[in-house]
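Asks: Those protein sequence lines, which keep their order, are chains R and W. Position in the first sequence counted from 1, then plus 62, gives you my numbering. Position in the second sequence counted from 1, then plus 14, gives you my numbering. Ideal placement from N, C-alpha and C gives every residue a C-beta, glycine not left out. Given the structure is predicted, the values throughout are model-derived calculations rather than measurements. Can you read through this structure? Questions will come right after.
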Amino acid sequence: MTQTRSSEAVSGEWSQETTRHSPAVTRIDPVGKASGRTLSGDAAGAARARRLARSVLPVLGTVVVFLGIWLAVSYLLLTPQRREILVPPPQEVLTEAILRWSHLRPMLRALLLDVQVSMVGLVIAVVLGVAAALVMSQAPWLERGLYPFAILLQVVPILAIVPLIGLWFDYGFNGRVVVCVIIAIFPMIANTLFGIHSVDRGAHDLFTLNRATRWQRLAKLSLPGALPSMFAGLRISSGLSVIGALVGDFFFVQGQPGLGTLLSTYISRVQSTDLFAAILLSSLYGVVVFALFSALTSVAVGSWHGRARADL
Amino acid sequence: MSPVHPTVSSPDAVRPDLGPSPATSADLPTPAPAALRFTGVAKRFGTGTLALADVDLTVAPGEFVSVVGPSGCGKSTLLRLASGLAEPSAGRIELRSDRLAYVFQDPTLLPWRSAQANVELVLELSTGADRLAKPERRARAAAALRTVGLAGFERQLPAHLSGGMRMRVSLARALVLDPDLFLFDEPFGALDEITRLHMQEELQRLFLAGSAGPAGSAMSVGALFITHSVSEAVFLSDRVLVMSARPGRIVAEIEVPFDRPRRPELRFDPEFGRLAAHVSAALTGAHE
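Shown next, in the form of structure tokens:
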């Protein structure tokens, strides 16, 4: 049957499709470095430069605009005395705070603590969040019973319970991690559950017809199918975990200082340049975390899930 | 209860001279063991809608039976009932099949699995004594992909395949189970006309290849094929059943006596046209 007319015709069709699809195979990947594809020749180099320019220029542009607005607010809207306190201009933040090691050092130490707190908190939030969603996905009554508690975690007035958490755990590492988990867990639960529910019904039928066990359905269908939503949740949760660490610091003034602790000190002492430097540093950390998990998303599911690319 | 088989005989009593008749012609006595038999089957959904009313149908082993009907007449429901994905509200369904393959309307591929891994999936899912070792699973999946003409595309993700190729992967996934009965739910409905005709010929070739017999021999596996295309039904089938609009019931049964393998040119044969016109007339009647 290898030489029938129809199969010849089909092979003609394949070669067409091969050429048609080859660009897709080597298509430009937003984190192309991670995929390890190598192109050769000047054209490839030019393409790489173009790609770099496309990803860097918009960011540079935004930074320039941001600095412009900052300068404008400092110099055009405020009198010199008020400028010092309310919005010190960027070059002063640079010279008075960031370039002074005695000022920067405590901030970096605080940042290190926040990195530890937020990453431990994020890992716990991811594990607990995915586990909770998996449990809920197993039966409608479980979801109906448990989901309200997940929503409760989301809407609980965190400011009110943070002092309580300090009392229950401690004002140091553990308490701050707990705050972090509470703030970061909801997107993980909600997105994992959404991902599991949005798996194609036809695929479920396929598993039913082939008498898949509950475990096979979970491991081979629900979980991989939910991965893109889980990663979308992870990106949100990673940002929230940074906020969680800072909120913990801010309210647990005792213990080793985190960036949140420093922010509260700088506010009370009206150290505006230090305050702005600390805010910049914490924002920068948030951006780095977000970018990291976006890149991770792209590596993990980008090949088959178009919308999960790190082009946000 | 309606008559068991409201049969409409072939419009032309004189069968065109196309060689020996298929062994699975309905000339055989009906009590022969059926691969699939519906007796007075009805299906009412939870919403109260009556989707199927009093359906009787039989698919003999090795017989290719098509069901055509207006959209929304419960054709897909028929397959869901046959496969056990849904339970009938009334009537009896007998299924004598060790290995059943269901080909969905959409290719229903897992987007994170390569073509090869999608075909392997159904082998991975089987548990117990008949579960194959990984190298064997891999070999069989590769063979199935070769059969549908996708050699060289094993490692492609579905997103990098065309619609027709995805449907081929879906076919390979059905073939790899080595089924004795296929259930097709408008598998080519979403394809363009040219690909669709191609796929019909390919499908016939696959069915004939299974028997390994000389041209004109019976097909080795049975199939219940749902479609809304009259010419597709006539081209592929031994028998065409016509369903009425909701609630769906079988209103006509038309024998297709053409010998196999059927050449693409058969579609321009006057006799083919006459049969297709006959099915169309029954469909129009079913609409009223």
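Ordered along the chain, which non-local residues of its own chain (more than five positions away) have a Cβ less than 7 angstroms from that of Pro102(W)?
Replies: The count along the second sequence starts at 1 and reaches residue 102(W) at position 88. For Pro102(W), where only same-chain residues beyond five positions count, the Cβ hits under 7 angstroms are Val55, Ala56, Lys57, Leu95.
Asks: To the nearest angstrom, how far is the alpha carbon of Pro193(W) from that of Val197(R)?
Replies: As a first step, residue 193(W) must be located in the second sequence, where it is residue number 179. As a first step, residue 197(R) must be located in the first sequence, where it is residue number 135. About 35 angstroms.
Asks: Please determine, among Val217(R), Val185(R), Val192(R), the residue with the shortest C-alpha to C-alpha distance to Asn253(R).
Replies: Your numbering for residue 253(R) matches position 191 in the first sequence. That would be Val192(R), whose Cα lies nearest to the Cα of Asn253(R).
Asks: Between Pro284(W) and the rest of its own chain, which residues show a CB-CB distance below 8 angstroms, the 5 nearest in sequence each way excluded?
Replies: Position 270 of the second sequence, counting from 1, holds the residue named residue 284(W). Sequence-distant partners of Pro284(W) (beyond 5 residues in either direction) whose C-beta falls short of 8 angstroms from its own C-beta are missing from its chain.
Asks: Which stretch, first to last residue, makes up the alpha helix (DSSP H) that contains Glu146(R)?
Replies: Position 84 of the first sequence, counting from 1, holds the residue named residue 146(R). Its alpha helix (DSSP H) spans residues 142-147.
Asks: Counting only Cβ pairs nearer than 8 angstroms, list the residues of chain R close to Pro125(W).
Replies: Stepping through the second sequence from its first residue, residue 125(W) is reached at position 111. The answer, in chain order, is Trp366, His367.
Asks: I think Leu208(R) touches Ala194(R), with their Cβ atoms under 8 angstroms apart; what is that distance to the nearest whole Å?
Replies: Position 146 of the first sequence, counted from the first residue, corresponds to residue 208(R). Position 132 of the first sequence, counted from the first residue, corresponds to residue 194(R). Contact holds; Cβ gap of about 7 angstroms.
Asks: If Leu205(W) sits next to Met181(W), beta carbons under 8 angstroms apart, how far is it from one beta carbon to the other, in whole angstroms?
Replies: Along the second sequence, one-based indexing puts residue 205(W) at 191. Along the second sequence, one-based indexing puts residue 181(W) at 167. Right, the Cβ-Cβ distance comes to about 6 angstroms (below 8 angstroms), so this counts as a contact.
Asks: Taking DSSP as the reference, what is the three-state secondary structure of Thr63(W)?
Replies: Here residue 63(W) refers to the residue found at position 49 of the second sequence. Thr63(W): coil per DSSP, three-state reduction.
Asks: Between the beta-carbon of Arg151(W) and the beta-carbon of Glu168(W), is there less than 8 angstroms?
Replies: Taking the second sequence and counting its residues from 1, one reaches residue 151(W) at position 137. Taking the second sequence and counting its residues from 1, one reaches residue 168(W) at position 154. Not a contact, by the Cβ cut-off of 8 angstroms.
Asks: Have a look at Leu146(W) and Val309(R) and give me their C-alpha separation to the nearest angstrom.
Replies: Locating residue 146(W) in the second sequence gives position 132, where the first residue counts as 1. Locating residue 309(R) in the first sequence gives position 247, where the first residue counts as 1. The alpha-carbon atoms of Leu146(W) and Val309(R) are separated by roughly 55 angstroms.
Asks: What are the start and end residues of each continuous alpha helix (DSSP H) run of 4 or more residues lying completely inside the stretch 239-315 of chain R, in chain order?
Replies: 263-271, 276-279, 285-313
Asks: Return the chain-ordered list of same chain residues with a C-beta closer than 6 angstroms to the C-beta of Leu325(R), the five sequence neighbours on each side being excluded.
Replies: Position 263 of the first sequence, counted from the start, is the residue given in the question as residue 325(R). So the qualifying residues of the chain are Ala340.
Asks: Taking a Cβ distance cut-off of 8 angstroms, strictly less, list which residues of the stretch 209-240 of chain R are near chain W, in chain order.
Replies: Look at the stretch 209-240 of chain R: it has no residue with a C-beta under 8 angstroms from a C-beta of chain W.
Asks: Decide yes or no for the touch test of the stretch 140-152 of chain R against the stretch 272-291 of chain R: beta carbon pairs closer than 8 angstroms, at least 3 of them.
Replies: Contact between the stretch 140-152 of chain R and the stretch 272-291 of chain R is not established, with fewer than three Cβ pairs separated by less than 8 angstroms.
Asks: Using the Cα positions of Ser245(W) and Leu238(W), report the straight-line distance between them to the nearest angstrom.
Replies: Counting from one through the second sequence, the residue named residue 245(W) turns up at place 231. Counting from one through the second sequence, the residue named residue 238(W) turns up at place 224. Looking at the two C-alpha atoms, the distance is approximately 16 angstroms.
Asks: How many angstroms separate the CA atom of Gly94(R) from the CA atom of Phe235(R)?
Replies: Taking the first sequence and counting its residues from 1, the one referred to as residue 94(R) is at position 32. Taking the first sequence and counting its residues from 1, the one referred to as residue 235(R) is at position 173. Only weak support is given to the placement of Gly94(R): the predicted model assigns it a pLDDT of 41, under 50, and the value that follows is read from those uncertain coordinates. Using only the alpha carbons, I get a separation of about 38 angstroms.
Asks: What residues in its chain sit with their C-beta under 7 angstroms from that of Ala165(W), if we drop five residues either side in the sequence?
Replies: In the second sequence, residue 165(W) corresponds to position 151, counting from 1. Exclusion of the five residues before and after Ala165(W) leaves Leu159 as the residues of its chain whose Cβ lies within less than 7 angstroms of its Cβ.
Asks: Among all the DSSP beta bridges, which residues are the ones paired with Leu358(R)?
Replies: The sequence position of residue 358(R) within the first sequence is 296, counting from 1. In DSSP, Leu358(R) forms no bridge with anything.
Asks: For Gln200(R), count neighbouring C-beta atoms within 10 Å of its own C-beta (all shown protein chains included) and say buried if the count is 16 or more, exposed if not.
Replies: Sequence index remark: in the first sequence, residue 200(R) carries index 138 (1-based). Around the beta carbon of Gln200(R), fewer than 16 other beta carbons sit within 10 angstroms, so the residue counts as exposed.
Asks: Give the range of the alpha helix (DSSP H) segment to which Leu321(R) is assigned.
Replies: In the first sequence, the residue the question calls residue 321(R) occupies position 259. Its alpha helix (DSSP H) spans residues 321-331.
Asks: Please report whether the beta-carbon of Val136(W) lies at a distance below 8 angstroms from any beta-carbon of chain R.
Replies: For this step, residue 136(W) is matched to residue 122 along the second sequence. Yes, contact with chain R.
Asks: Just list the residues that DSSP pairs Val121(R) with in beta bridges.
Replies: To locate residue 121(R), count along the first sequence from 1; it is residue 59. According to DSSP, which records beta bridges pairwise, Val121(R) is partnered with nothing at all.
Asks: Return helix, strand or coil for Ser365(R), following the three-state DSSP convention.
Replies: Position 303 of the first sequence holds residue 365(R). Three-state result, Ser365(R): coil.
Asks: Can you give me the Cβ contacts of Val315(R) inside the same chain, cut-off strictly under 7 angstroms, excluding the 5 residues immediately before and after it?
Replies: The residue you call residue 315(R) lines up with position 253 of the first sequence. Thr323, Ser326, listed in sequence order.
Asks: Roughly how many whole angstroms lie between the Cα atoms of Arg99(R) and Ala111(R)?
Replies: Along the first sequence, one-based indexing puts residue 99(R) at 37. Along the first sequence, one-based indexing puts residue 111(R) at 49. Low confidence applies here, because Arg99(R) scores a pLDDT of 48, under 50, leaving its location unreliable and the question unanswered by this model.
Asks: Determine the direct distance from the alpha carbon of Phe312(R) to that of Arg263(R), and round the result to whole angstroms.
Replies: In the first sequence, counting from the first residue as 1, residue 263(R) sits at position 201. In the first sequence, counting from the first residue as 1, residue 312(R) sits at position 250. Arg263(R) and Phe312(R): Cα-Cα distance of roughly 47 angstroms.
Asks: In three-state terms, what does DSSP make of Asp176(R)?
Replies: Within the first sequence, residue 176(R) is the residue found at index 114, counting from 1. Asp176(R) falls in the helix class under three-state DSSP.
Asks: Glu269(W) bridges to which residues according to DSSP?
Replies: The count along the second sequence starts at 1 and reaches residue 269(W) at position 255. Glu269(W) pairs with Arg253(W).
Asks: Excluding five sequence neighbours on each side, which residues of the same chain lie with their C-beta closer than 7 angstroms to the C-beta of Val385(R)?
Replies: Because chain R is modelled from 63 through 374, residue 385(R) falls outside the range shown and cannot be assessed.
Asks: Can you list, in chain order, the residues of its chain with a C-beta nearer than 8 angstroms to that of Gly163(W)? Leave out the 5 residues immediately preceding and following it.
Replies: Taking the second sequence and counting its residues from 1, the one referred to as residue 163(W) is at position 149. So the qualifying residues of the chain are Arg182, Glu216.
Asks: Which class does Arg127(W) belong to by DSSP, given the choice of helix, strand or coil?
Replies: Position 113 of the second sequence, counted from the first residue, corresponds to residue 127(W). Looking at Arg127(W) - three-state DSSP - the assignment turns out to be coil, as it is neither helix nor strand.
Asks: Would DSSP call Glu279(W) helix, strand or coil?
Replies: Numbered from 1 along the second sequence, position 265 holds the residue referred to as residue 279(W). Reduced to three states, the DSSP call for Glu279(W) is helix.
Asks: Of the choices Leu283(R), Pro286(R), Gly295(R), Asn272(R), whose alpha-carbon is the least far from that of Leu99(W)?
Replies: Position 85 of the second sequence, counted from the start, is the residue given in the question as residue 99(W). Of the listed residues, the one whose Cα sits closest to Leu99(W) is Asn272(R).
Asks: Going along the chain, which unbroken runs of the alpha helix (DSSP H) with 4 or more residues stay wholly within the stretch 154-216 of chain R?
Replies: 163-199
Asks: Given a threshold of 16 other Cβ atoms within 10 Å of its Cβ, counted over all protein chains shown, does Thr122(W) qualify as buried or as exposed?
Replies: The residue given as residue 122(W) occupies position 108 in the second sequence. Buried, since its Cβ has 16 or more Cβ neighbours within 10 Å.
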